[in-house]
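If you want our numbering, it's the 1-based position in the sequence shown plus 4. Cβ coordinates follow ideal geometry from the N, Cα and C atoms, glycine included.
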Amino acid sequence: MIVARALRGHHVRTALVMAFALAGCTAGPDFHAPAAPDVSRYTAQPLPEKTASAATELGAAQRFRVGQDVATEWWRSLGSARLDALIQQALAANPTLAAARATLRQAQETYAAQAGATRYPQIDASLGAQRQRVNPTAMGLVDEPQALSMFNDDFNLVNAGIGVRYRFDFAGGSRRALEALAARTDYQHRELDATRLALATNVATAAIVRARLAGQIAATQAMISARSEQLELTREGARIGQIPPDDVLSLQAQVETARTALPALRTQLEKTEHLLAILGGQAPGAASVPNFTLAEFKLSAELPVLLPSELVRRRPDIQAAEALLHAATANYGIAVAKLYPQLDLSANLGAQALTMGALFGPGTAVWSAIAQLTQPLFRPGLPAERRAALAAIDAAAANYQAVVLSALREVADALRALNNDAEALAASAAADQAARASVENIRDQHELGAASHVQLLVAQQQADNARTRLIAAQAQRLIDNVALYQALGGGASSQ
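Right under this line is the structure:
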């Protein structure tokens with residue numbers, strides 16, 4: 005008898021050891037981050053050491069520093085305190101960013117809830133009472149008068165107990181489910197980073213566009229004012245016969261053409277101000293948007309350029325795509341785990357009595373223990389689920405590759421744009437200087453009678469166009485800087 009009991013105890017211990025050993029296994033492959041792209045530069049041609057320079061505002065040369073890290077608050081490199089304050093306000097009040105934060109918190113709490121439900125036994129306490137009457141006929145007591153009299157009255161039944169439930173994770177399906185939820189949480193974190201980066205980028209770009217439009221409006225108004233004064237003098241000259249009437253009409257056409265450009269410029273400026281208000285979490289009618297000008301911005305002397313291998317670890321959209329690939333790999337493990345046995349254990353310990361006072365007295369204890377092992381035998385859908393999960397891995401891997409290639413292209417575009425637009429700004433500055441010098445030269449000739457009034461008008465129109473192009477080139481160079489920081493993924497991720 006003692007030997008038999010010992011053997012039974014040995015078998016129980018062996019079963020428990022095997023159960024815990026199996027519980028250490030996990031179905032499906034472990035996730036490994038994809039390898040970094042096997043490239044050392046973004047463009048076919050190597051980057052120049054620095055961009056071109058021009059003798060004008062925002063025309064200084066900028067050096068490319070390969071391997072230099074990106075500052076967390078990269079927008080401060082633009083040198084505008086008012087822009088810094090507006091971006092901080094947007095980061096605090098923008099509703100889209102607030103929604104992203106809330107979605108991340110939801111994912112974190114969902115993971116915590118699932119972890120608590122699968123990692124640990126579930127313990128519940130119960131207390132109940134019922135009133136009932138037993139049918140003696142159903143119990144075969146119809147021929148026993150004493151028993152009949154016992155069961156003719158209703159009686160109470162009070163019970164209390166504690167129940168424990170636990171599922172052994174033999175194939176690791178529960179752990180893979182938690183792994184998938186953790187990857188989804190990481191995805192939401194990267195989405196928050198991407199939203200934050202996009203918000204800062206949009207605010208900075210809109211502020212620069214607002215400054216460009218303000219500069220173009222000011223230049224157009226100055227030109228209209230100067231041409232209007234010139235128009236009056238031209239009309240006086242035509243009245244006394246010194247200037248042909250056609251010159252008056254030509255100058256008047258220039259003035260009116262310039263005036264037609266103002267409403268369109270004002271419309272764009274007002275739309276940009278409305279956008280800045282919305283990005284800052286305010287209604288357009290209640291917001292006070294700073295009157296940004298190009299003069300308050302500056303260019304950083306050095307521009308960071310992350311290596312491609314570092315870029316994939318920093319860009320939030322790449323990290324989000326990696327998290328989705330991780331989740332797809334974990335989901336494949338879940339599908340595989342469904343093909344293996346599952347062991348559920350439950351136990352209850354409690355007491356039953358006819359009165360509450362006798363509930364915890366002697367002889368009221370009751371208990372039960374249940375073990376259930378389930379092995380799928382014929383479930384045709386499970387192999388299809390596994391194949392579907394495998395296809396999801398392929399799709400997530402292809403999506404990850406597409407996101408990486410797109411990121412490399414964006415950085416390449418930004419680097420080339422910085423270099424080319426610096427050259428364009430230098431050319432625009434030279435054209436502006438030449439056009440203004442030409443106006444002065446033709447004006448002197450016109451006063452001496454060596455140049456016609458039409459020649460002066462043409463030179464002035466060319467100078468006005470050159471000034472407008474210079475303002476646009478200055479703003480574009482600032483926007484190129486913002487685009488590079490966005491392409492590099494901004495600074496460190498938010499926590």
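Let's see if you can read the secondary structure: which residues bound the alpha helix (DSSP H) around residue i?
i, result
"residue 312", "312-318"
"residue 197", "177-243"
"residue 432", "385-452"
"residue 89", "85-97"
"residue 270", "249-283"
How long is the line joining the alpha carbons of residue i and residue j, rounded to whole angstroms?
i, j, result
"residue 280", "residue 394", "45 Å"
"residue 136", "residue 162", "11 Å"
"residue 44", "residue 429", "29 Å"
"residue 121", "residue 374", "19 Å"
"residue 40", "residue 313", "5 Å"
"residue 208", "residue 263", "29 Å"
"residue 447", "residue 436", "16 Å"
"residue 289", "residue 308", "39 Å"
"residue 399", "residue 389", "15 Å"
"residue 385", "residue 396", "16 Å"
"residue 431", "residue 470", "10 Å"
"residue 229", "residue 427", "32 Å"
"residue 283", "residue 112", "27 Å"
"residue 242", "residue 258", "17 Å"
"residue 272", "residue 306", "32 Å"
Candidates the options: which alpha carbon is nearest residue i's?
i, options, result
"residue 189", "323, 296, 476 and 31", "323"
"residue 37", "317, 240 and 87", "317"
"residue 298", "492, 468, 467 and 61", "61"
"residue 4", "185, 49, 56 and 52", "The displayed coordinates of the chain run from 5 to 499. Any statement about residue 4 would go beyond what the structure contains."
"residue 85", "283, 440 and 302", "302"
"residue 105", "367, 194 and 79", "194"
"residue 201", "187, 78 and 132", "78"
"residue 304", "259, 83 and 166", "83"
"residue 90", "354, 291 and 439", "291"
"residue 35", "63, 326 and 191", "326"
Given residue i, which residues of its chain have a CB within under 6 Å of its CB, disregarding the five upstream and five downstream residues?
i, result
"residue 203", "94, 98 and 101"
"residue 319", "411 and 493"
"residue 213", "276"
"residue 442", "463"
"residue 450", "460"
"residue 491", "414, 415 and 418"
"residue 175", "31, 341 and 344"
Report all residues from its chain with a CB closer than 7 Å to the CB of residue i; omit the five preceding and five following residues, and keep chain order.
i, result
"residue 484", "418, 421, 422 and 425"
"residue 183", "334"
"residue 343", "380 and 386"
"residue 119", "182"
"residue 256", "235"
Grab the span of the beta strand (DSSP E) containing residue i for me, first residue to last.
i, result
"residue 378", "369-378"
"residue 351", "346-357"
"residue 45", "That residue, residue 45, is in no beta strand (DSSP E); it is neither H nor E in DSSP."
"residue 308", "306-309"
"residue 70", "67-70"
"residue 133", "126-136"
Does the beta-carbon of residue i have 16 or more other beta-carbons within 10 angstroms, so that it is buried, or is it exposed?
i, result
"residue 129", "exposed"
"residue 505", "Outside the shown range of the chain, which is 5 to 499, sits residue 505, and nothing can be said about it."
"residue 253", "exposed"
Between residue i and the rest of its own chain, which residues show a CB-CB distance below 8 Å, the 5 nearest in sequence each way excluded?
i, result
"residue 479", "212, 213, 215, 216, 219 and 298"
"residue 171", "122, 178, 346, 347, 348 and 349"
"residue 12", "Its pLDDT being 39, under 50, residue 12 is placed unreliably by the model, and nothing is read from it."
"residue 475", "216, 219, 220, 223 and 298"
Is there a C-beta anywhere in chain D that falls below 7 Å from the one on residue i?
i, result
"residue 313", "You won't find chain D in this structure, because it holds only one protein chain."
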